[in-house]
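2 protein chains.
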Amino acid sequence: MPSDTLRIPFDELHATLRRVLQRSGFTGERADLCARLFAESSRDGVSSHGLNRFPRFMQMIRSGVVDVHAQPVRVGARGGVERWDGRRGPGNLNAYAAMDRAIALSREHGVGCVALGNTNHWMRGGTYGWQAADAGAIGICWTNTLPNMPAWGGSTPAIGNNPLVIAVPRAAGHVVLDVAMSQFSVGALTAYRTRGERLPVAGGYDMTGTLTQDPNAIEASGRLLPIGFWKGSGLAVMLDLIATLLSGGLATCQIPPTPETETGLSQMFIAFDAGSLASAGAAPLVDRVVDHLHASARGGETITYPGERTLATRRQNIELGVPVDSQIWETVLTVAGE
Amino acid sequence: MPSDTLRIPFDELHATLRRVLQRSGFTGERADLCARLFAESSRDGVSSHGLNRFPRFMQMIRSGVVDVHAQPVRVGARGGVERWDGRRGPGNLNAYAAMDRAIALSREHGVGCVALGNTNHWMRGGTYGWQAADAGAIGICWTNTLPNMPAWGGSTPAIGNNPLVIAVPRAAGHVVLDVAMSQFSVGALTAYRTRGERLPVAGGYDMTGTLTQDPNAIEASGRLLPIGFWKGSGLAVMLDLIATLLSGGLATCQIPPTPETETGLSQMFIAFDAGSLASAGAAPLVDRVVDHLHASARGGETITYPGERTLATRRQNIELGVPVDSQIWETVLTVAGE
């Protein structure tokens, strides 16, 4: 850890964020859940969408982009599919409610889908994958974003990097994937830059159009690289189209293009009732696939399943305390009135 | 076109393949559909899974891997989700039936899902995306494969490159994405090698573990590169898990590891009834996203939406005839008794 990182007990982090949110007008349960989701993101090693993102979230409440009091409402339903309007409420609360509803629908219909429009940034996408798996459901969800990546063949941001989350429950640790359609998420790019590190592989283009591992050069050009070049570009377009069509919300090209004003996002939440759908051999099968992955590593190689490192980080941070940036933590403490 | 490529009218290609299939025991409608799906793949520019794949398909019928007469049967149902057993019948007929059923379920439940186990290679995955979009449905489908790609961190094939297809209907041309989780599909790699071309970007590792654009070196090492490195590896694992859990079929690690014996695949087919779910503004919205993509290209750049090139190729091949490899075509004509 850099020298300006402290470790704070999870419960203290959660309680402090909750107090700040209460002062911003969040009522009891909503303050508790919203604070918990931020705290859990830091606890799981994704501080870019945990504590480090909290100041901007507060700023977007003050600027009116995020409506603290708005709750999502159902505006359409057909069998296992529902359309909800997020009414520009807090993005993580809206997304949590949407996945919760998708899980409930899946218990009735085998599969449940919620298309959520008019919402705000959901912070860490993986949150809703872990949520589904904790409930015994297979979860798939994605969000669109502001235009932050050129389409394949282009050089100006035109599509979103539209994170996709897929989760499968497993007793010994859920299998959870959380991937943006860019080689590095915007948060990951910022984290590398802040640490003064180069990217492990090329993550975008510099101003001259050359692939680079320098996060500064990519932030300057705005040219994030899609995963698999044309493939990630195409995937991002399809995810945007489906979330937008089914939610009746805004497509990436209609979303305000600056992070401070990004709102009106469209998201999809799909759940399968794994408990009743999967065969009796389901649990052994997931373990078998995980064991096979591990066993395919040869001398000196390390192969992990999606979610494995998150779980290791979580266990460590619960034991030792959650790493927080001391400056951000001081600011939050001040606002919390301590 | 290389000198050994002929152009054959689509109807002639279709009729010839149909006659060969009839001689192999396919009955009327099944012979017609199976032949059409192969012919359409060549027509759409994917000859690797069209005519060029036909001889191996015939060989797998002779070897007993593919059972010409087997038809899929439903083995479980819960609301909008059904589980089907493909009984190791022809993979393209099974997949077509599964997507057809998912579309029918979506008309009843808003969303329809068919998990198909115990099936064979579906040939061109895009086929089932175009099928859904032609029926006015949003389609999502994927398949697992034999182990043909090392997991991220490993060097021996342990996971499948599990192609994923996503389709959205559009009057002026459907938006259809068909992507393997490797940077190049096995068919694409073979096509580059056959043409004596290098890959446009690195597609895998050579025997020394160095990234390379040489298709020969990648085929020799068996080390396909996942799209987005760790991200494509994780996506492939998740797609395998979901298809396997919901179908009750085999995971990649349980599938016979040689192309000639690859069978018992697990696949997922999801359809959304776009016509009734999407708002009245749906059609303009898809056009708007496509127009925005095109408009984001600056001087000298070319940006296409997923499916755009397929449609251009299709139109050209319908007009000029479908390009076929003359040697393969001669062989097929002989078997057809002409």
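Protein chains in written order, with the working numbering: chain H, 7 to 344; chain E, 7 to 344. Glycine is no exception: its CB is placed at the ideal position from the N, C-alpha and C atoms. Remember, predicted model here, so these are calculated numbers, not experimental data.
Between Gly234 of chain H and Gly234 of chain E, the gap from beta carbon to beta carbon is short of 9 angstroms. Taking the CA atoms as reference points, Pro206 of chain E sits about 14 angstroms from Trp158 of chain H.
Within its own chain, the residues whose Cβ lies closer than 6 angstroms to the Cβ of Gly145 of chain E, once the five positions on either side in sequence are excluded, are Gly135, Ala138, Ala173, Ala277, listed in chain order. Close partners of Ile109 of chain H in chain E (Cβ separation under 9 angstroms) are lacking, with about 14 angstroms as the shortest Cβ gap.
The beta strand (DSSP E) runs of length 3 or more contained entirely in the region 153-237 of chain H are, from start to end of the chain, 163-165, 170-174, 181-185. Sequence-distant Cβ neighbours of Thr133 of chain H in its own chain, meaning closer than 6 angstroms and more than five residues away, are Leu43.
Around the C-beta of Ala45 of chain H, 16 or more other C-beta atoms lie within 10 Å, and the residue is accordingly described as buried. Ala257 of chain E is positioned such that its CB atom lies no closer than 9 angstroms to that of Ala177 of chain E. Within chain E, the C-beta atoms nearer than 8 angstroms to that of Pro312 of chain H come from Gly240, Val243, Met244, in chain order.
Its Cα nearest to that of Phe190 of chain E, the residue E:Met155 stands out among E:Met155, E:His180, E:Val182, E:Leu27. With a contact defined as Cβ atoms closer than 8 angstroms, Leu57 of chain H and Ser48 of chain H qualify at about 5 angstroms. Per DSSP, the continuous alpha helix (DSSP H) segment holding Ser112 of chain E begins and ends at 97-115. With respect to chain E, the C-beta atom of Phe278 of chain H has a partner C-beta closer than 9 angstroms. In the structure shown, the three-state DSSP call for Asn124 of chain E is strand.
In the DSSP secondary-structure assignment, Val338 of chain H is not bridged to any residue. Across the set H:Leu27, H:Ala41, H:Glu35, the C-alpha of H:Ala41 shows the shortest separation from the C-alpha of His20 of chain H.
The region 115-125 of chain E makes contact with the region 82-99 of chain E, as at least three CB pairs between them are under 8 angstroms. The DSSP-derived three-state label of Leu12 of chain E is strand. Every alpha helix (DSSP H) stretch that sits fully inside the region 255-297 of chain E and reaches 4 residues is listed by chain position as 280-283.
Close partners of Phe235 of chain H in chain E (Cβ separation under 7 angstroms): Val207. DSSP lists E:Glu88 as the bridge partner or partners of Ala83 of chain E. At a cut-off of 9 angstroms between beta carbons, Thr218 of chain H makes no contact with chain E.
The continuous stretches of alpha helix (DSSP H) do not include Pro78 of chain H, and DSSP gives it neither H nor E. Taking a 10 Å sphere around the C-beta of Ser53 of chain E, we find 16 or more other C-beta atoms and assign the residue as buried. Pro61 of chain H carries a helical assignment under DSSP once its states are collapsed to helix, strand and coil. The DSSP-derived three-state label of Ile309 of chain H is coil. Judged by DSSP in its simplified three-state form, Asp331 of chain E adopts strand. Contact between the region 75-86 of chain H and the region 98-111 of chain H is present, with at least three C-beta pairs closer than 8 angstroms.
Contact annotation for Thr162 of chain E against chain H: Ser302, Arg304 [CB-CB distance below 8 angstroms, chain order].
By the Cβ neighbour-count rule, Thr11 of chain E is exposed, with fewer than 16 other Cβ atoms within 10 Å of its own. By the Cβ-count criterion, Arg59 of chain E is buried, with 16 or more other Cβ atoms from all chains shown falling within 10 Å of its own Cβ.
Rounded to whole angstroms, Gly118 of chain H and Gln273 of chain H show a C-alpha spacing of 14 angstroms. For Ser227 of chain E, the closest C-alpha among the options E:Ile248, E:Ala318, E:Leu195 is that of E:Leu195. With a beta-carbon spacing of about 6 angstroms, Gly116 of chain H and Gly86 of chain E fall inside the 8 angstroms limit used to define contacts. Here DSSP, grouped into helix, strand and coil, assigns Gly145 of chain E to strand. Relative to Leu183 of chain H, the option among E:Ile248, E:Pro169, E:Thr308 whose CA is nearest is E:Ile248.
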